[in-house]
Structures are given as C-alpha cells and as structure tokens.
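In our numbering, each residue carries its 1-based index in the sequence shown increased by 105. Glycine included, C-beta positions come from ideal geometry on N, C-alpha and C. Just below is one structure, and these are the notes that go with it.
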Amino acid sequence: MHRNKRIALLLAGLLLLTACGEAEPAPAGQEPVPAEQTQTLETVEDNATPTCPYIAPTMATASFNESGAKGNAKCKIDLSGTANGYVAVSAKSDKRLKFQVVKGQTTYNYDIRSDGTPSIFPLQSGDGSYKFRVMENIHDSKYAELYATSATVKLSDQFAPFLRPSDYCKYNSSSLSVQKSAELAKNAGTALGLVTAVYDEICRTVRYDDYKASTVKSGYLPDPDETMRTGKGICFDYASLAAAMLRSQGVPCKLIFGYVSPNDLYHAWNMFWT
C-alpha cells in the first residue's frame with residue numbers, strides 16, 4: 106500500500122515540521138522545557154491522488170506469548186510477533202535491566218521492568234537480521250548479558266511496527282485515547298483528516314507541564330489515558346498520546362526522540378503516514 110509520508114513535530118510534544126532525530130530510542134535524563142508550543146502541520150511529500158473516505162481498520166494489537174518465548178530462568182524473549190513489527194520480553198532481577206534491539210550498526214537500548222512485567226518494543230529498522238539481548242546492571246553504568254537470541258525478520262507490512270501498542274505507547278480497545286480517536290474518526294473523512302482532528306484535540310485539551318518537565322526521571326514511561334485525564338504532560342506524553350490515537354485507528358505513527366536546534370533541547374515528536 107502506498108502511503109504519503111508526513112513528518113510532524115510539536116516542540117511541546119506533537120507537530121512541528123522536521124526531519125531530524127532517531128525513532129523510539131529509550132529516553133534518558135531530564136527533559137528540558139520547550140521555548141514555545143508550535144502549531145504547524147505540513148506535508149513533506151504528497152501526490153495529487155484523491156483519498157477515499159476514511160474507514161478505520163480493525164485495531165492491531167501486540168502481546169507477550171510466554172508459551173512460545175525463548176530464554177532462561179531469569180528472562181524470556183518472545184519472537185512470535187516479529188512479522189507484525191514487534192518483539193516482547195519479560196525478565197526478573199533485583200537489579201536494573203535493559204533490553205537491546207540490534208540490527209547492523211543500529212542499537213536501541215530500552216529500560217525494562219525487573220518484576221517480570223512484559224515489555225513490547227517495535228522493530229523499526231525494517232527487514233533483516235536482528236539480535237536481542239537482556240542486560241543486567243552489575244556496577245555503575247556497566248551491564249552483563251543475561252540472555253541473547255537472534256531472528257531474521259520479514260515484516261508483513263513496512264508500517265507494522267508503527268501500528269501497534271508498545272511500552273512507549275500503551276493502549277487497548279477500552280482506552281480513553283482509543284475511544285476518543287474513534288469518535289474523531291467518524292467525522293474525519295480521510296486519514297489526514299483524522300490526523301488534523303487528533304492534533305487539534307490534543308492542542309485544545311492538553312497543556313505543557315513545566316513542573317513535570319523539570320522533575321521527570323530517567324526511565325519514565327507515559328500513559329496516554331492519564332495525559333487525557335489530567336490534561337497536561339511533557340513532550341513524551343504528547344507524542345505518546347498522539348501515537349496511541351492514530352495507531353489505534355490504523356494510521357501508522359512513529360515516536361521520535363532527538364535534540365532540536367537552536368538550543369539542542371531534547372524532545373519527542375511524531376512521524377506519520379497517510
């Protein structure tokens with residue numbers, strides 16, 4: 106399926122035209138306060154083909170399949186969802202844990218829970234050979250490998266990694282974010298119309314949380330529904346909420362993290378395809 110590619114960034118978390126940054130690495134450190142919330146929505150590339158009325162497909166899901174997972178007494182890695190664009194992991198330890206997703210020269214490092222709670226992460230480097238490693242902290246910033254496995258990934262769809270929930274974008278069919286986006290989709294007409302409606306809704310109902318920005322800890326994970334309930338959040342919250350609302354309605358949406366000029370502020374934003 107051909108999709109038009111659009112990139113959007115909001116310095117407070119959502120949509121300002123840009124093309125920099127890496128997709129969904131584990132955020133680290135304190136997030137700075139943005140200078141200003143920008144409200145720009147632009148097309149990066151497009152064609153003149155008219156779009157049909159937008160009909161949301163069945164919501165794509167992701168889960169940890171323990172019975173099919175590989176591993177040892179401390180950790181297990183589930184590769185059953187790789188064709189659908191994700192890998193799942195579960196581990197237990199009394200120390201800090203990280204999960205590595207490696208393809209070629211690209212490595213993504215993610216914090217994972219040490220109580221056995223499953224985590225789900227996207228395979229955003231496309232088709233090819235991947236290595237997955239569960240790492241346990243042994244001293245300061247040093248980690249030792251607990252378990253590793255490899256897989257050759259062939260995605261069922263190139264957008265599959267950006268159509269499902271993950272640790273950075275949690276939702277299910279009963280989520281407030283999903284219910285709201287489904288409501289918006291009814292009047293959207295097209296996928297781009299839905300993106301615009303989601304953008305407007307978040308700009309209207311969510312404000313930037315300066316205090317949270319100055320106190321957020323490394324390893325923080327957003328909750329899209331909590332952002333909706335409180336009506337405030339940091340850029341990670343904005344981007345996660347936007348991704349949940351779009352992905353749940355079948356619009357591929359990527360979470361991106363990077364430093365934004367001119368002041369090299371660390372931010373989260375979204376890329377989407379329609």
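Is DSSP giving residue i helix, strand or coil here?
i      : result
TYR430 : No answer is possible for residue 430: it lies beyond the span of the chain, which begins at 106 and ends at 379.
TYR276 : coil
ASN375 : strand
THR335 : helix
ALA256 : strand
SER345 : helix
THR164 : Position check: residue 164 holds Met in this sequence, whereas Thr was assumed. In this structure, MET164 counts as coil in the three-state DSSP scheme.
GLN263 : coil
Where do the ends of the beta strand (DSSP E) carrying residue i lie?
i      : result
LEU326 : No beta strand (DSSP E) holds LEU326; DSSP gives it neither H nor E.
Who does residue i pair with in a DSSP beta bridge?
i      : result
GLY363 : HIS372
CYS358 : PHE377
SER271 : CYS274
Can we count residue i as close to the ligand HEM, meaning its CB is less than 7 Å from some heavy atom?
i      : result
CYS308 : The model depicted lacks the ligand HEM and carries no ligand whatsoever.
task = Output the residue ranges of the alpha helix (DSSP H) runs that lie fully inside the region 278-318 and measure 4 residues or longer, sorted by chain position.
result = 281-291 and 296-310
Beta strand (DSSP E) segments (min. 3 residues) lying fully within the region 170-253 = 180-183, 191-196, 202-208, 211-217, 224-227 and 233-244
request  = May I ask you to verify whether the region 245-253 touches the region 217-225, counting CB pairs closer than 8 Å and requiring at least 3?
outcome  = no
inquiry  = Pairs of beta-carbons, one from the region 281-292 and one from the region 204-211, closer than 8 Å: are there three or more?
reply    = no
query = For the 8 Å Cβ check, are there 3 or more pairs between the region 367-376 and the region 283-292?
reply = no
key: Touch test, the region 354-365 against the region 316-335, Cβ-Cβ under 8 Å, three pairs minimum   = no
inquiry  = Check whether the region 310-319 and the region 264-271 are in contact - that is, three or more C-beta pairs closer than 8 Å.
reply    = no
query = Is the region 270-279 in contact with the region 294-308, if contact means three or more CB pairs nearer than 8 Å?
reply = no
ask   = Should the region 162-174 be regarded as contacting the region 231-243, the criterion being three or more beta carbon pairs within less than 8 Å?
value = no
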